[in-house]
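Step one of this worksheet: look at the structure below.
Residue numbers (UniProt numbering): 1 to 312.
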């Protein structure tokens, strides 16, 4: 009768390796004990491992892991910053585009004579868009050709268009404390943004260069009741904290002249005969904008009247 044995898998595996070890020993001449040790190491999972080397490599792997995390984090931050910068640039371009559309639409309400002279303004059409319109400012040989508004405060049209929507350049506006429509006070003050695409009052700021200043000899300010031809006297720098800029009427003529002399002394550019002209000046139109030279800097161009006409 055949005998049946219950076999142990581990035992049979070990037996096979012992047998193979014996055969390998016979073939190679190596002691079976050495081959058996290698086979046992294979079975136990220790073959090929060097505990001393492994222990030394673990800190290096950890350092590489931290370095990899930091590199990936910096990459993500860089991508986010680029995306934000791209979005901001795109938004700025869109804002300028929308402002240009508004300016072009409003420009259709004034016609410029081919041979020069004051713009002919469609007051009825302008008032249908916004009743706060008080005047029109135009400087020949520049892009300055805009309606002028006056709000309840100097914030009204700072970043709001005549149509009542947000605009990066808002509108050109008369100081809310000036008597409208302007040129009734000793100083009339009109503000406009200095946009980096060259529009609004950017070219007023450019008049801080004497050559460009000299090239501008005429400005027009037109209202429903008057047409004023003006000439630049001087341009000076100041700051938003300078409250003396917003003086519209003075105690007497001497105080007004002292005000003009004080500002002329700060001039960056001016007419050669500005000092001689001052005593004859009774009213000035001052155009103010940002200068980007200082954080809160302002550029003010002071203009005197050359002639005025009041239609009946």
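All C-beta atoms, glycine included, are put in the ideal place defined by N, C-alpha and C. A quick note: this is a predicted structure, and the numbers were derived from the prediction, not measured.
Report task. Give me the Cα-Cα distance between residue 311 and residue 122, rounded to the nearest whole angstrom. Result -> 15 Å
Excluding the 5 residues preceding and the 5 following residue 267 in the sequence, name in chain order all residues of the same chain whose CB lies nearer than 8 Å to its CB. 234, 235, 236 and 274
Would you call the CB atoms of residue 189 and residue 206 closer than 8 Å?
no
Please give me, in chain order, every unbroken run of the beta strand (DSSP E) with length at least 3 that falls completely inside the stretch 111-174.
133-138, 145-149 and 172-174
Residue 130 beta carbon less than 8 Å from that of residue 109
no
**Request:** Would you list, in sequence order, the uninterrupted alpha helix (DSSP H) runs of no fewer than 4 residues that lie entirely inside the stretch 185-249?
**Result:** 202-205 and 210-215
Does the distance from the C-beta atom of residue 297 to that of residue 191 stay below 8 Å?
no
| task | Could you tell me which of 142, 147 and 102 sits nearest to residue 166, measuring between CA atoms? | result | 102
### Task
Tell me whether residue 276 sits in a helix, a strand or coil according to DSSP, three-state version.
helix
Is residue 108 helix, strand or coil when you go by DSSP? coil
Out of curiosity, what's the CA-to-CA distance linking residue 168 and residue 96?
7 Å
| task | For residue 303, I'd like the list of residues in its chain whose CB is within less than 8 Å of its CB, leaving aside the five on either flank, ordered along the chain. | result | 219, 230, 231, 232, 233, 284, 285, 286 and 287
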